[in-house]
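Chains A and B supply the protein sequences, listed in that same order. First residue of the first sequence: 1, per the working numbering; consecutive thereafter. First residue of the second sequence: 226, per the working numbering; consecutive thereafter. To start, the structure under review is shown below, and the notes come after it.
2 protein chains.
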Amino acid sequence: MLATETVENYLKAIYLLQREAAADEAPMGQIAAALGVTTGTATSMVKKLVAAKLARHERFGGVRLTTKGTRAALDILRRHRLVETFLVDTLGLDWSVVHDEAERLEHAISPMVLDALDRHLGRPAFDPHGDPIPRADGALQESEAMPMSELGSGDAARLVRVLDQRGESLRFLRASGLKVGATLRVVAIEPGAGVMRIRPDGGSVVSMSTTAASRVLVRLTRGRH
Amino acid sequence: MLATETVENYLKAIYLLQREAAADEAPMGQIAAALGVTTGTATSMVKKLVAAKLARHERFGGVRLTTKGTRAALDILRRHRLVETFLVDTLGLDWSVVHDEAERLEHAISPMVLDALDRHLGRPAFDPHGDPIPRADGALQESEAMPMSELGSGDAARLVRVLDQRGESLRFLRASGLKVGATLRVVAIEPGAGVMRIRPDGGSVVSMSTTAASRVLVRLTRGRH
DNA sequence: AGCATAAGTTTGACGACTCAAACTCTAGGA
DNA sequence: TCCTAGAGTTTGAGTCGTCAAACTTATGCT
């Protein structure tokens, strides 16, 4: 089906950037940045993906995966997220380190090992960061959630997903008692300072920038309305 | 410390061939065969290992790892065997398939994951084939054992290690009830035919060539003397 | 409209790993 | 001793993924 480890990385990066981008297209520069290569390198690799019918691209435009490319990207994402779940649930590693580890392991997992892993973990639907794990057939169920930054003062909510998976951010959240599944309450909002104050249940109040809060997704349990 | 996946594969192959070879040197042709490359390729890679002080080699001679190379090879072997143990013990895969899977995974395991895996498995000393797992410091304890081919008629023994790890051989052994830890008895030996007949405890008699039997190691529990 | 700047593309080169094929050495008969 | 078969080496070339640097296009500001 698909080829090298490098190709897998490009597909995954394009897939994720496409989800984020407004135009549903991944800009070449961001693909390059995501992979840590020069834009020239990204351009020539994308050319290869296009030749393999994994992506579409026109000169000076954005990159978009084909159905085939999307299917392959979801397969990689499935491997990545199952491996992360395994590293946290079975091996007990901290969620702030598993992303990088999974990045390496995801390419070495065969379908047989993947299925055994899935079974061992009880066929989980979400990984430790709350990201949905694509099913083997490529189905992906995003969970309903809103950015924590949109909560109002006094709102109570449950944390369901963390989008920013840099180790630094994850360590801050864990240290604050903000993990997936935790409930919390908005104590105060200071729009001028761009800061909100949050109290996780059973923890003490922490301050977060609105920007950081916008990358944490929650589900409202009791609104202020 | 060490470099690419390819280099790791060469080191592991040389280490294993060196153990087997009479002269404690790995012949170039066998290195090439083990890695599935031409001898020309092996020659040039070995040249690189020598430049990195991982191996010694003189023109038209055999290859021998340096202390540094041996240390690196043991590290890879540790990863390989721990992964195999994990695949069998935790994920429940059959021992006839885990070798190839571990071959891919061993290169993607970081020290942190390796240690977590080791802890999760209870710091095992042997893998599912009975091969000793090198310790993190490079210590390796070979178990005392003799080839099953050296048993005499009527001898009882426990199977402690399987050297031939091709899927075909392992499937035969498993189907016969001959797994690591099993006890067995030699029913008959027919030197002319080069065949011995074995009865695993709780199983029925199976025939094996002396050659195949020589690659199965046992510990005598009751001799015929 | 005109132009500077940011974004993307192309080109030429390189390192890692590989092969095929020509070549060289070693060792074991006759 | 000589010669040859087998093992090993060398050379030239190719693929993959990468970079640096020269070049092209698009965009947004004045």
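In this text, a Cβ means the ideal position worked out from N, Cα and C, and glycines have one as well.
Item to check | Buried versus exposed, by CB contacts within 10 Å (16 or more), K47(A) | outcome: Stepping through the first sequence from its first residue, residue 47(A) is reached at position 47. Classification for K47(A): exposed.
Checklist entry - Comparing the C-beta of G36(A) with each C-beta of chain B, is any distance below 8 angstroms? => result Taking the first residue of the first sequence as position 1, residue 36(A) is located at position 36. Answer no: the Cβ-Cβ gap between G36(A) and chain B never drops below 8 angstroms.
Item to check | Interface residues of chain A facing T341(B) [CB-CB closer than 8 angstroms] | outcome: Locating residue 341(B) in the second sequence gives position 116, counting from the first residue. Sequence check: residue 341(B) is Ala here, not Thr. Those within 8 angstroms of A341(B) in chain A are L87, L91, G92, L93.
Checklist entry - Whose Cβ in chain A lies nearer than 9 angstroms to the Cβ of L398(B)? => result For the purposes of this step, residue 398(B) is taken as residue 173 along the second sequence, with counting starting at 1. What L398(B) touches in chain A: nothing, since even the nearest Cβ is about 20 angstroms away.
Checklist entry - To the nearest angstrom, how far is it from the Cα of R158(A) to the Cα of V195(A)? => result Locating residue 158(A) in the first sequence gives position 158, where the first residue counts as 1. Locating residue 195(A) in the first sequence gives position 195, where the first residue counts as 1. Across the structure, R158(A) and V195(A) are spaced so that their CA atoms are roughly 19 angstroms apart.
Next on the checklist: Classify A247(B): buried if its beta carbon has 16 or more other beta carbons within 10 angstroms, exposed otherwise.
Outcome noted: Counted from its first residue, the second sequence places residue 247(B) at position 22. Looking at its Cβ environment, which holds fewer than 16 other Cβ atoms inside 10 Å, A247(B) is exposed.
Checklist entry - For R104(A) and chain B, any beta-carbon pair shorter than 8 angstroms? => result Looking up residue 104(A) in the first sequence gives position 104. Yes, contact with chain B.
Checklist entry - Whose Cβ in chain B lies nearer than 8 angstroms to the Cβ of E101(A)? => result As a working mapping, residue 101(A) is identified with position 101 in the first sequence. Ordered by position in chain B, the residues that pass the 8 angstroms Cβ test against E101(A) are S335, M337, V338.
Next on the checklist: Which runs of the alpha helix (DSSP H) at least 4 residues long sit entirely within the region 179-225 of chain A? Give them in chain order.
Outcome noted: 210-213
Checklist entry - In chain B, which residues lie with their C-beta within 9 angstroms of the C-beta of H80(A)? => result Position 80 of the first sequence, counted from the start, is the residue given in the question as residue 80(A). Within 9 angstroms Cβ-Cβ: nothing; H80(A) doesn't reach chain B, min ~12 angstroms.
Item to check | Test: H120(A) CB closer than 8 angstroms to a CB of chain B | outcome: Numbered from its first residue, the first sequence carries residue 120(A) at position 120. H120(A) counts as touching chain B.
Item to check | Per-residue DSSP class, three states only, for L91(A) | outcome: The residue you call residue 91(A) lines up with position 91 of the first sequence. Per DSSP, reduced to three states, the secondary structure at L91(A) is coil, with no helix or strand assignment.
Next on the checklist: What residue range does the alpha helix (DSSP H) around A229(A) cover?
Outcome noted: The question about residue 229(A) has no answer here: the residues shown for chain A are numbered 1 through 225.
Checklist entry - Residues bridged to F351(B) by DSSP? => result Mapped onto the second sequence, residue 351(B) falls at position 126. According to DSSP, which records beta bridges pairwise, F351(B) is partnered with P357(B).
Checklist entry - Taking only beta-carbon atoms, is H129(A) less than 8 angstroms away from chain B? => result The count along the first sequence starts at 1 and reaches residue 129(A) at position 129. With 8 angstroms as the cut-off, H129(A) does not count as an interface residue toward chain B.
Checklist entry - Below 8 angstroms between beta carbons: does that hold for D164(A) and A182(A)? => result For the purposes of this step, residue 164(A) is identified with residue 164 of the first sequence, where counting begins at 1. For the purposes of this step, residue 182(A) is identified with residue 182 of the first sequence, where counting begins at 1. Going by C-beta atoms, D164(A) is not nearer than 8 angstroms to A182(A).
Checklist entry - What residues from chain B crowd round V97(A), counting only those whose CB sits closer than 8 angstroms? => result Taking the first residue of the first sequence as 1, we reach residue 97(A) at position 97. Those are M337, listed as they occur along chain B.
Next on the checklist: Using the Cβ count rule (16 or more neighbours within 10 Å means buried), how would you classify E84(A)?
Outcome noted: Translated into the one-based positions of the first sequence, residue 84(A) becomes position 84. Result: buried.
Item to check | Strand pairing of L159(A), partner residues [DSSP] | outcome: Position 159 of the first sequence, counting from 1, holds the residue named residue 159(A). Its beta-bridge partners are V218(A).
Checklist entry - When you compare only the Cα positions, how much space is there between I109(A) and R329(B)? => result The residue labelled residue 109(A) in the question sits at position 109 within the first sequence. The residue labelled residue 329(B) in the question sits at position 104 within the second sequence. Rounded to the nearest angstrom, the two C-alpha atoms are 8 angstroms apart.
Checklist entry - How is the alpha helix (DSSP H) around L173(A) delimited, first residue to last? => result Taking the first residue of the first sequence as position 1, residue 173(A) is located at position 173. In the DSSP annotation of this structure, the continuous segment of the alpha helix (DSSP H) that includes L173(A) starts and ends at 167-175.
Item to check | Start-to-end residues for the alpha helix (DSSP H) that takes in L236(B) | outcome: Reading the second sequence from its first residue, position 11 is the one you call residue 236(B). Looking at the DSSP string, the run of the alpha helix (DSSP H) that includes L236(B) is 230-245.
Checklist entry - Looking at the C-beta of H57(A), does it have a partner C-beta in chain B at a distance below 8 angstroms? => result Position 57 of the first sequence holds residue 57(A). Chain B, which has no Cβ nearer than 8 angstroms to the Cβ of H57(A), makes this no.
Item to check | Buried versus exposed, by CB contacts within 10 Å (16 or more), G36(A) | outcome: The residue given as residue 36(A) occupies position 36 in the first sequence. Exposed, because fewer than 16 other Cβ atoms sit within 10 Å of the Cβ of G36(A).
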